[in-house]
Structure formats: C-alpha cells, structure tokens
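S.K.:
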Amino acid sequence: MAKKAAHRGAGAFDEHFSAIYGPRWVSLRKALNEPSRPESHIPGLIKPYYLDRASAAAAAALGVQPGDEVLDLCAAPGGKTLVLATALGGRGRLTSNDRSADRRARLRRVLDEHLPPALRKLVVVTGHDATRWGLHEKEAYDKILLDAPCSSERHVLRDPAALALWSPARTRSLAQQALAMLCSALEALRPQGRLLYSTCSISPEENELLLQRFQVKRPGAWALVERALVLPDENAGEGPLFWALLEKSRLPG
Ligand SMILES: C[S@@+](CC[C@H](N)C(=O)[O-])C[C@H]1O[C@@H](n2cnc3c(N)ncnc32)[C@H](O)[C@@H]1O
Numbered sequence: 052m053a054k055k056a057a058h059r060g061a062g063a064f065d066e067h068f069s070a071i072y073g074p075r076w077v078s079l080r081k082a083l084n085e086p087s088r089p090e091s092h093i094p095g096l097i098k099p100y101y102l103d104r105a106s107a108a109a110a111a112a113l114g115v116q117p118g119d120e121v122l123d124l125c126a127a128p129g130g131k132t133l134v135l136a137t138a139l140g141g142r143g144r145l146t147s148n149d150r151s152a153d154r155r156a157r158l159r160r161v162l163d164e165h166l167p168p169a170l171r172k173l174v175v176v177t178g179h180d181a182t183r184w185g186l187h188e189k190e191a192y193d194k195i196l197l198d199a200p201c202s203s204e205r206h207v208l209r210d211p212a213a214l215a216l217w218s219p220a221r222t223r224s225l226a227q228q229a230l231a232m233l234c235s236a237l238e239a240l241r242p243q244g245r246l247l248y249s250t251c252s253i254s255p256e257e258n259e260l261l262l263q264r265f266q267v268k269r270p271g272a273w274a275l276v277e278r279a280l281v282l283p284d285e286n287a288g289e290g291p292l293f294w295a296l297l298e299k300s301r302l303p304g
C-alpha cells in the first residue's frame, strides 16, 4: 500500500521545502540551523542595536528622506523602525504600529533606549490592526514599511515543538493575512508613495507568489521597483529575508 504523505511535522517540512528548493534544500537547511549573527549597523543611535544585516538593508531600501510621513505597520520589537527613524534626520514623522500590547511595550523601550531625543519625538506608537488601517486613513503616507508576520522557518527549524506542529496550512493563512495588509497599506499610501514589503519566510507563497496575487487583486495600482531574496546558504549566514519595493501609481488603478 502506498505510504500517505505527512501533512504536519518535521517530515512534512522537509518534503515541502525539498520540493521547492530541490538539491539546494540540504545546504539551505544546514545554514538555517546555524546561529544568526546580528550586528550593529544603524548609525545615529545613542546605544547600538543588533540586527541582521539583511534586515537593516531592507529597511534602508524604503529610501526614507527627511520630512517624510512614514508608517511602519508591524513595527515591534523595532529594529527596522530604528532604521526608518534615523533616516528622517530630525524632520518628518514616523508612526510605528503593532497590534500586540506586549510587543508594543518592548517597542517603546527600544525607541526610548536607542533614539536620541530629537528623533524619539518624531515617533508615535500605535496599536491598530494592519489589515484594517487603510479603511480609516487614506493617501496619508509618503513611505510605508510592511514587515509582515510570517512563517519564520528559521525559528521553526530550531524549535522542536514548533517543528512538530508545522503544516503548510499555516503558511497559507499567513499569506492571506499579508495580502490583506498589502491592500490596506496601498490605501494608506499617497500616489507615487513607496511601500516596502518584507518577510523572513523562505516560502514563495509569502514572497514572490504573494506579489503575483497582489498584482491580480490591484491591477495597475502599483509597480515593482526592486526586490531581493537573501538566503543564508549563499549570503554568509544573513537572512532569510525577502523584500520588495513597490511604488503606488499616480492615478488609482
Ligand atoms: C515580523 S514582526 C515585525 C518585526 C519588526 N518589523 C522589526 O524589525 O523588529 C511582525 C509583527 O507584526 C505584529 N502583528 C501581527 N499581526 C498584526 C496585525 N494584524 N496588525 C498589526 N501588527 C500585527 C506582531 O505583533 C509582530 O510584532
């Protein structure tokens, strides 16, 4: 009798990602299991903050300029928000949002401990649902970061309890939530404003394939400027990080 494929747990995880990455999965899996090496590379802080180099590069790719109105929809614990705040150079405003109260408390601590007072006063912390933001505030921001809640396979792989519970259904539901967040972010963005979408997932459903679904859902409403997929097996342990920089169209799509 043919063996039924597992849909949950370590076996299903390996089967799923072997099918996506082919022979590369062996080296990628090994690299994901190595400890990550956060570094301090955000200039202009009063105390160093350690984060993955690829994360800092992704946040910098949004291209925040002094005077910008900026929204970080999923900001806690705050590594990328620190990059955005320092790029304001003392002018403009950053709204750093996160729905989780516990994580918001941590975000406030990070902002207070790391930002000089002249930058800290430009940052407002809020606690709304990112999937609904665009219903309430439209065409209000020059730049938006959406660092979406994602499958975080690097963490799953190192946590036996999480690995035992892993199933592709969770990836599908996170992708659906991220699509709702992308639509909401697009509403909140000014015409020709820029949106940086990022995840630390290695699942195409949450990355490239999600952008394809977003294109189908909002045809002509945005264009892709640049994107990158940084995987640790080929980038000296950095990542995983997928990011895509999008520009909202001049006229409604
Ligand atoms: C990938 S983490 C963000 C990491 C952060 N950008 C950083 O660089 O430190 C995703 C965050 O999204 C938050 N989140 C999850 N669902 C949300 C929602 N519906 N609205 C707003 N925030 C949400 C989580 O609490 C979590 O802190």
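Everything in the sequence shown is counted per my numbering, starting at 52 for the first residue and increasing by one.
Virtual Cβ for every residue (Gly too), placed ideally from N, Cα, C.
1) Kindly indicate which residue of 287, 154 and 276 has the alpha-carbon position closest to the one of residue 299.
2) Could you say which of 119, 263, 293 and 254 lies nearest to residue 69 if we only look at CA atoms?
3) Counting beta carbon pairs with one atom in the stretch 94-101 and one in the stretch 113-126, are three or more of them shorter than 8 Å?
4) In the structure shown, what three-state DSSP assignment does residue 100 receive?
5) Considering only the beta carbon of each residue, do residue 113 and residue 143 sit closer than 8 Å?
6) DSSP state of residue 71, grouped into three classes?
7) Is the closest heavy atom of ligand 1 to the C-beta of residue 143 under 7 Å?
8) Does residue 193 come out as helix, strand or coil in the three-state DSSP assignment?
9) Buried or exposed, going by whether 16 or more other CB atoms sit within 10 Å of the CB of residue 84?
10) Candidates 209, 229 and 292: which alpha carbon is nearest residue 86's?
11) Is the separation between the beta-carbon of residue 155 and that of residue 176 shorter than 8 Å?
12) Rounded to a whole number of angstroms, what is the C-alpha to C-alpha distance between residue 233 and residue 74?
13) Could you name the residues that DSSP lists as bridge partners for residue 199?
14) From which residue to which residue does the beta strand (DSSP E) around residue 298 run?
15) Cβ of residue 112 versus every heavy atom of ligand 1: is any distance shorter than 7 Å?
16) If you compare alpha carbons, which of 201, 138, 188 and 160 is closest to residue 224?
17) Return the CA-CA distance between residue 184 and residue 196, expressed in angstroms with no decimal places.
18) Report the rounded CA-to-CA distance for residue 244 versus residue 272, giving the unit in angstroms.
19) Quick one: is the Cβ of residue 224 within less than 7 Å of any heavy atom of ligand 3?
M.R.: Based on what the coordinates show:
1) 276
2) 254
3) no
4) coil
5) no
6) helix
7) no
8) strand
9) exposed
10) 209
11) yes
12) 32 Å
13) None; residue 199 has no bridge partner.
14) 292-299
15) no
16) 201
17) 13 Å
18) 11 Å
19) The model on display carries ligand 1 but not ligand 3.
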